[in-house]
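Participant:
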Amino acid sequence: MKPVLIAIFVLFGAYTLYAIEEVGYFGIIAGVANAGGLQVALDLVIACLLISWWMVVDARANGRNPWPYLLITLVGGSFGPLLYLLLSGQRDRAIAREAAQRA
105 MKPVLIAIFV LFGAYTLYAI EEVGYFGIIA GVANAGGLQV ALDLVIACLL
155 ISWWMVVDAR ANGRNPWPYL LITLVGGSFG PLLYLLLSGQ RDRAIAREAA
205 QRA
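So the number in this note's numbering is just where the residue sits in the sequence shown, counting from 1, plus 104.
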């Protein structure tokens with residue numbers, strides 16, 4: 105799973121940098137000037153809100169701090185959840201289980 109997430113992160117990051125180079129950060133936002141672009145943007149916002157909610161629930165269950173990932177999601181969209189998934193792992197779950205058993 106991690107190699108797939110890394111590939112998505114790198115490829116999406118490269119394309120994002122290309123898009124920003126072509127039209128600028130605010131030029132990307134100008135793409136929602138019509139109904140079709142706005143629909144895509146609203147879909148992305150809804151998806152990011154749902155994923156953010158899941159990240160908070162999962163982070164609390166695993167003793168992690170969701171705030172850095174939520175902030176990245178706010179300004180960078182899918183990069184927040186991608187980083188959250190990339191940086192999670194068995195070690196985090198084991199530490200959280202040990203902490204829960206001690207409590």
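Beta carbons: idealized from backbone N, C-alpha and C, even for Gly.
Within 10 angstroms of the Cβ of M105, are there 16 or more other Cβ atoms? Answer buried if so, exposed if not.
Facilitator: Position 1 of the sequence shown, counted from the first residue, corresponds to residue 105. Exposed, since its Cβ has fewer than 16 Cβ neighbours within 10 Å.
Participant: Count the other CB atoms, across all protein chains shown, that sit within 10 Å of the CB of P107; report buried if there are 16 or more and exposed otherwise.
Facilitator: The residue you call residue 107 lines up with position 3 of the sequence shown. Burial call: exposed.
Participant: Under 6 Å from any heavy atom of the ligand MN, does the C-beta of P170 make it?
Facilitator: This structure does not include the ligand MN; it has no bound ligands of any sort.
Participant: Per the contact definition of three or more C-beta pairs closer than 8 Å, is the stretch 114-131 in contact with the stretch 151-159?
Facilitator: Short answer: they don't touch.
Participant: Which ranges does the alpha helix (DSSP H) cover as unbroken runs of at least 4 residues, wholly within the stretch 150-197, from first to last along the chain?
Facilitator: Entirely contained in the stretch 150-197, the alpha helix (DSSP H) runs reaching 4 residues are, in chain order, 171-180, 183-191.
Participant: Would you say G167 and I176 are within 7 Å of each other, going by their C-beta atoms?
Facilitator: Along the sequence shown, read from residue 1 onward, the residue named residue 167 stands at position 63. Along the sequence shown, read from residue 1 onward, the residue named residue 176 stands at position 72. Not closer than 7 Å, so no.
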